[in-house]
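Shown next, in structure tokens, is the structure this report addresses.
Residue numbers (the numbering used here): 11 to 134.
Okay, here's the thing in structure tokens:
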């Protein structure tokens, strides 16, 4: 695994990001109206994402779910993890596909119903 962080799903992206900035001292690494990536300034590997719940990149099933989070794991090869998921009969919500932000992504649901994003950089 190369990277892992939690995305909090909300319609109040800016206010939620500000809360974590003020509460924990996290700093924006990327900021838009639909997504903010925060990181600890002393340990940039500790990240938290704030993602607009109804944005197009969020699966329709997650847009309606009351859980409020989608876990993201960035790995070397999304397709390899997809094969493992198929072998395990995992609940695959979206098969791997290239996303407009330079990653290949698939969405699963874990046994507890948590949405899980498995992504890898697009190899071109």
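Cβ atoms here follow ideal geometry from the backbone N, Cα and C, with glycine treated the same way.
Classification of residue 140 by the beta-carbon crowding that lies within 10 angstroms, buried from 16 upward
With the chain running from 11 to 134 in the structure shown, residue 140 is simply not present.
Does the beta-carbon of residue 17 have 16 or more other beta-carbons within 10 angstroms, so that it is buried, or is it exposed?
As a first step, residue 17 must be located in the chain shown, where it is residue number 7. Buried, since its Cβ has 16 or more Cβ neighbours within 10 Å.
Identify which residue in 51, 36, 53 and 70 has its Cα closest to the Cα of residue 60.
Here residue 60 corresponds to residue number 50 of the chain shown, with the count starting at 1. Checking every option, the nearest Cα to that of residue 60 belongs to 36.
Straight-line gap, residue 103 to residue 117 (C-alpha atoms, nearest Å)
Sequence index remark: in the chain shown, residue 103 carries index 93 (1-based). Sequence index remark: in the chain shown, residue 117 carries index 107 (1-based). Near 5 angstroms, if we compare the C-alpha coordinates of residue 117 and residue 103.
One or two residues paired with residue 104 in a DSSP bridge
For the purposes of this step, residue 104 is identified with residue 94 of the chain shown, where counting begins at 1. Bridge partners of residue 104: 117.
CB-CB length for residue 12 against residue 86, believed under 8 angstroms:
If you number the chain shown from 1, residue 12 lands on position 2. If you number the chain shown from 1, residue 86 lands on position 76. Contact holds; Cβ gap of about 6 angstroms.
Check whether the Cβ of residue 35 lies closer than 8 angstroms to any Cβ atom in chain C.
Among the protein chains of the structure shown there is no chain C, as only one such chain exists.
In terms of alpha-carbon separation, which member of 65, 128, 89 and 106 lies closest to residue 23?
On the chain shown, residue 23 is found 13 positions in, with the first residue counted as 1. Residue 23 has its Cα closest to that of 65, out of 65, 128, 89 and 106.
Per the DSSP calculation, residue 133 is bridged to which residue(s)?
Looking up residue 133 in the chain shown gives position 123. Residue 133 is not bridged to any residue.
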